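Here the sequence shown is numbered in the numbering used here, starting from 1 and rising by one per residue.
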Amino acid sequence: MKKIIILIFFLPLVVLAQESVSDLELKLNSVTGIEKVDALNNLSIKLLYENPTKSLQYAQHALDLAILEKYKFGEAEALENMGNHYEKQLEYQTSIEYFKQARDAYLIANNPAGIAKILNFIGIVYETISDYPQAMGYYKQSYDKYKEINDVAGTALLLNNIGFVYEALSKYKEALEYYLKSLYQYEQIDDKDGMASLLNNIGNVYQAISNYDRALEYLQKARDMYLDLGDSSGVAIAIHNIGIIYHDLGDYDKALEYYFQSMQTDIDQNDKMGISASYNNIAVVYDEIDELDKSLDYYNRSLALSEDIKDRYSIANTINNKGFLLLKMKKTDDAFIHFTKALKIAQEISAQELIKESYDGLSQYYREQKDFQRSLEYYVLCEDIEDSLFSINTQKQISELQLQYDLESKEREISLLQKENEIKKLQLNRQKNLRYFFIAIFIFLVLIILLTYYAYITKKRMTTNLLEEIEERTKIEEQLKLSLKEKNVMLKEIHHRVKNNMQIISSLLSLQAQHIKDEESLQIFNDSQDRIRSMALVHEKLYQSSDFSSIDFSEYVHDLVSSIHQPKLTNIETDIDVENIVIDINKAVPCGLIINELITNAFKHAFPNNQEGKIKITMKLDDTETYILVISDNGIGLPDDLDFRNTKSLGLQLVTGLVRQLQGNVDVDRTTGTKFTIIFQK
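Structure below.
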C-alpha cells in the first residue's frame, strides 16, 4: 500500500497595488481607458478567493474594455485572471484555454515575463490533472523564458516544478538534481519561503528511497523554517510528511498523531488535496494494524475528495490501496475491479510506482484464485518495474549529487572567507600608512596590536585545525551510518526476494503437479511444497521484522501449523504451547523443517480412518540456555520394529539430519502415541 506525500510546486508572485477593494471600486468612477482596465484587473485578483463570481465579472469587464482600447497587456492580464478563476473552480480544460489566450496576448504585447508566468500556470494545471508529459513540456518552456530575462526567482521556481514532475514519475535521481539546483538559487537570493519548500521536497525524495535519517533532517528544517515564517500551511505539509517517516518506521501511534494534526490544519484552511492525503495515509495505518472497517471508511473519504478535485494520481493510488484492503477482507472480486481500474489510470498518467502496485495486487488476486500462471506473469511485471525504480546505481547517483551540493556550499563559504581576509589586509595597509604619520606617538600601540594580532592568528589556526578534524570525523561517521543503512535496506530486499522466489518455486511445483497422475509422485511434490513453504515463511518473518537475523518463533510456529493443517482434517486438534522465544535464522529454518516433517507425518499416518486425535507442539528455553522442542500425538504410534535413526523414510532421515545440524539430540517415546523430544543449545 502506498502512502501519499505532499510536495510543493510554486506559482509566480503577483504584485498588486496597496489599495483595498473599496478604494479600487471608488477609483473605477474616476478613471477611464487603460487606467480603468488596470483597476478592474486588480479587483479581479483581489476577489479571486473572497468572491469568485464578482472576480470573474471584473475580469470579463476588463477584457472587453482592453479590446476596445487595443490594450494588449491589459487584455492578457484579464485572460490570465479568467484562467485562474476556472482553475480554482476545477474547470481545468476551460482554464487551459484562457491561459493559452493570455500567453498569445502577452506575446503580442512583447512581455516575456508574462509569457513565462502563463507557461508555468499551464504546466501546473496539467500537473494537477496528472498529465505529466504536458506539464513537463510547459515547465521547460517557462524555465527557458525566465532564463532569457535573467529572472533567478523564476528559474528557481521552475527547477522545483520540474523536479516535482520527476518525483511523481518516481525518477528520484532527476528529481533530486533539480531540487538541489532550485535550493541553491533560492539561497542565492535569500528567499526563505522557497528554501523551506525545497527542504520539504528534498526530504520527500530521501523518504522515497528509505533514507529516513536524511529525510527527517530536511523535513524538520522545513518545519522550523515555516514556523519562523508563520506559515501554518507549510507547517501542516512538513508535519504530514514527518508522519510518513514514522509510519515507515512502524511507529503507528506517532504517525497517526502527525497525520491528524496535519489533517485538522488542512480542514481549517479547506485544503482538499491535503485532507485527501491525510485520509489516505490514516487509512493505510488502520489497514496495517488490522482495524479494517476504519481503514475502509478513510479510504472512501480520501477517494471522494480526490475525485472531487480530479486528482488522478491520488485517485489511482487510493483505489489500489482499497483493492489490497478488499483482498484482505476476502472480497476478491471487488479487489480485482479496483486493481484493474487503478492500473488503467496509472498507465494513462505514466505513474510507474502505481503501475507496479496494480501489478502486485493482480498477482496476489490470481494467486488467491489458484491461477498460478497469471499470478506469475503479473509478479514478473511488478518485479521488472521494482528493479528499474530501486537500483543501487540510483542510490549512488543521488549520494553523488548531495556530495556535489555540499562541496559547492563549502566552496561558497571558502570564497566568503577569502573576501573577509582581503578586507582585513586592506585594513592593515591603511594602518601601515597612518603609522608613518604618527610613528613617534603610536609606536608602542602598534607593537601591542601586532602582538595581539599574532596571538589571534595563532589561536584561529589552532581552532581551524580542530574544526577540520571534527568535520572529518563527522563525515566518516556519516559515511558509516549511510553504509549501515544501505546494508539494512539491501538485507531486507534480499529476504523479500528469497521469500518471493520460494513462492515462485512453490507455484511452479503446483503447476507441474497438475499434470501428474501417479499418487506417489504427486505426494512427493506436495511434501516438497510444504518444505519450501516452511523455509519461505522464515524469510517472510525476517522481512517483516526490524531485526533481520532472528524471528518470533511462537508466531512462526502458529503460522506454519496453520498453513499445513488442512480444513478437511476436522477430526484432528492441534495444541501449540511455544514460549515467546526469539530465535536466529540458523536455528529457525531447521526447526521449522523438523516441525513440518513430524506434524505432516502425524496428519498422514497417526489417525487412520478419520480417527479423532490431538497433535501437540511445545517449546521452551530452560535455565541452562537449552531449547526443548516436543512434538507429540495420541495416535496409533510408530511401528514397534521401526528404528527411526536407521529408516528408509525420507522425512525421518531429514529430521535426524536436521537435529545433527542443530548439534542436538532427539528421543522418541512410544508409550502413548508418538512423542519426539529434540534438545539443543541456544
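Here a beta-carbon is modelled for each residue, glycine too, at the ideal position from N, C-alpha and C.
The model shown is predicted, which means the values in this text are computed figures rather than measured ones.
Residues sharing a beta bridge with E97, DSSP
What you label residue 97 is simply residue 97 of the sequence shown in a count that begins at 1. Paired residue(s): none; E97 is not in a bridge.
Which residues bound the beta strand (DSSP E) around Y627?
Locating residue 627 in the sequence shown gives position 627, where the first residue counts as 1. Residues T626 to D633.
Assign G323 to buried or exposed, taking buried as 16 or more other Cβ atoms, counted over all protein chains shown, within 10 Å of its Cβ.
Start at 1 with the first residue of the sequence shown, and residue 323 comes out as number 323. Under this definition G323 is a buried residue.
Which residues bound the beta strand (DSSP E) around G664?
On the sequence shown, residue 664 is found 664 positions in, with the first residue counted as 1. In the DSSP assignment, G664 falls outside any beta strand (DSSP E), carrying neither H nor E.
Take G83 and list the residues in its own chain whose beta-carbon comes closer than 7 Å to its own, dropping the five residues that flank it on each side.
What you label residue 83 is simply residue 83 of the sequence shown in a count that begins at 1. Same-chain partners within the cutoff: S95, Y98, F99, A102 and F121.
R737: buried (16+ other C-beta within 10 angstroms of its C-beta) or exposed?
Because the chain here runs from 1 to 682, residue 737 falls outside it and cannot be looked at.
Say whether the stretch 202-222 touches the stretch 252-264, bearing in mind that this needs 3 or more beta-carbon pairs closer than 8 Å, one atom from each stretch.
No contact exists between the stretch 202-222 and the stretch 252-264.
Best match in K117, L63, V125 and T672 for proximity to I149 [C-alpha to C-alpha]
Along the sequence shown, read from residue 1 onward, the residue named residue 149 stands at position 149. Taking only the C-alpha atoms, the option nearest I149 is K117.
Let's test the definition: count the other Cβ atoms within 10 Å of the Cβ of S89 and tell me whether it reaches 16, buried, or not, exposed.
Taking the first residue of the sequence shown as position 1, residue 89 is located at position 89. According to the sequence provided, residue 89 is Gln. The question's Ser does not apply to it. Under this definition Q89 is an exposed residue.
Just checking, does the stretch 350-357 make contact with the stretch 162-175 on the three C-beta pairs under 8 Å criterion?
yes
Collapsed DSSP secondary structure at E573 in the structure displayed:
As a position in the sequence shown, residue 573 is number 573, starting the count at 1. Note: E573 maps to strand in three-state DSSP.
Rounded to whole angstroms, what's the CA-CA distance from Q275 to I679? Just pull it up for me.
Here residue 275 refers to the residue found at position 275 of the sequence shown. Here residue 679 refers to the residue found at position 679 of the sequence shown. What sits at residue 275 in the sequence shown is Ile, not Gln. If you take the alpha carbons of I275 and I679, they lie about 57 Å apart.
If you drop the 5 nearest sequence neighbours on each side, which residues of the same chain put their C-beta closer than 6 Å to that of I615?
Residue 615 sits at position 615 when you count from the first residue of the sequence shown. T574, I599, A602 and D633.
Just to confirm the assignment, what range does the beta strand (DSSP E) spanning M619 have?
The sequence position of residue 619 within the sequence shown is 619, counting from 1. Its beta strand (DSSP E) spans residues G613 to L621.
Sequence-distant residues of the same chain with beta carbon closer than 7 Å to E174, five excluded per side
For this step, residue 174 is matched to residue 174 along the sequence shown. Closer than 7 Å at Cβ, skipping near neighbours: Y166.
So, A153 versus N200, is the Cβ gap smaller than 8 Å?
The residue given as residue 153 occupies position 153 in the sequence shown. The residue given as residue 200 occupies position 200 in the sequence shown. No, the Cβ-Cβ distance between A153 and N200 is not below 8 Å.
Starting from S358, trace the beta strand (DSSP E) both ways and give me its first and last residue.
Position 358 of the sequence shown, counted from the start, is the residue given in the question as residue 358. It is not in any beta strand (DSSP E) - S358 instead sits in the alpha helix (DSSP H) that spans Q352 to E368.
Excluding the five sequence neighbours on either side, which residues of its own chain have a C-beta within less than 8 Å of the C-beta of I470, listed in chain order?
Position 470 of the sequence shown, counted from the start, is the residue given in the question as residue 470. Around I470: no qualifying Cβ.
Exposed unless 16 or more other CB atoms sit within 10 angstroms - verdict on A78
Against the sequence shown, residue 78 aligns to sequence position 78. Per the 10 Å Cβ criterion, buried.
V582, DSSP secondary structure in three states
If you number the sequence shown from 1, residue 582 lands on position 582. Here DSSP, grouped into helix, strand and coil, assigns V582 to strand.
Is it right to say A689 is buried, meaning 16 or more other beta carbons lie within 10 angstroms of its own, or is it exposed?
No answer is possible for residue 689: the residues shown for the chain start at 1 and end at 682.
Which stretch, first to last residue, makes up the beta strand (DSSP E) that contains I678?
Counting from 1 along the sequence shown, the entry for residue 678 is found at position 678. Counted as a single uninterrupted DSSP element, the beta strand (DSSP E) harbouring I678 occupies residues T674 to Q681.
Decide yes or no for the touch test of the stretch 261-277 against the stretch 288-300: beta carbon pairs closer than 8 Å, at least 3 of them.
no
Buried versus exposed call for I516 [16 or more other C-beta atoms within 10 Å across all chains shown]:
Taking the first residue of the sequence shown as 1, we reach residue 516 at position 516. It counts as exposed.
Along the chain, where does the alpha helix (DSSP H) containing S182 start, and where does it finish?
Within the sequence shown, the letter at position 182 stands for residue 182. Start and end: Y172 to Q188.
Specify the secondary structure class of G551 as computed by DSSP and reduced to three states.
Mapped onto the sequence shown, residue 551 falls at position 551. One point to set straight first is that residue 551 is Ile, not Gly, in the sequence displayed. It is a strand residue.
Grab the span of the alpha helix (DSSP H) containing Y49 for me, first residue to last.
Taking the first residue of the sequence shown as position 1, residue 49 is located at position 49. No alpha helix (DSSP H) contains Y49, which DSSP labels as neither H nor E.
How big is the Cα-Cα spacing for I392 and L43?
Translated into the one-based positions of the sequence shown, residue 392 becomes position 392. Translated into the one-based positions of the sequence shown, residue 43 becomes position 43. Residue confidence for I392 is low, a pLDDT of 44 falling below 50, so the modelled location carries little weight and cannot support an answer.
Out of E69, L68, T128 and I115, state which residue places its alpha-carbon closest to the alpha-carbon of E80.
To locate residue 80, count along the sequence shown from 1; it is residue 80. When only C-alpha atoms are compared, the closest one is I115.
What whole-angstrom Cβ distance do S130 and R367 have, given they're in contact under 8 Å?
Taking the sequence shown and counting its residues from 1, one reaches residue 130 at position 130. Taking the sequence shown and counting its residues from 1, one reaches residue 367 at position 367. About 30 Å separates the beta carbon of S130 from that of R367, a gap too long to meet the 8 Å contact definition.
Counted within 10 angstroms of its Cβ, other Cβ atoms place S358 as buried (16 or more) or exposed:
Locating residue 358 in the sequence shown gives position 358, where the first residue counts as 1. S358 is buried by the Cβ-count criterion.
With 16 other Cβ atoms within 10 Å as the buried cut-off, status of P639
On the sequence shown, residue 639 is found 639 positions in, with the first residue counted as 1. By the neighbour-count rule (16 or more Cβ atoms within 10 Å), P639 is not buried but exposed.
Nonlocal neighbours in the same chain, by C-beta distance under 7 Å from R670, ignoring five residues either side
One-based indexing of the sequence shown puts residue 670 at position 670. Around R670: G637 and L638.
Express the C-alpha separation of T464 and I162 in angstroms, rounding to a whole number.
Here residue 162 refers to the residue found at position 162 when the sequence shown is read from its first residue. Here residue 464 refers to the residue found at position 464 when the sequence shown is read from its first residue. Their Cα atoms are separated by approximately 40 Å.
Inter-residue Cα distance where the pair is K145 and P112
Taking the sequence shown and counting its residues from 1, the one referred to as residue 145 is at position 145. Taking the sequence shown and counting its residues from 1, the one referred to as residue 112 is at position 112. Taking the straight line joining both Cα atoms gives about 7 Å.
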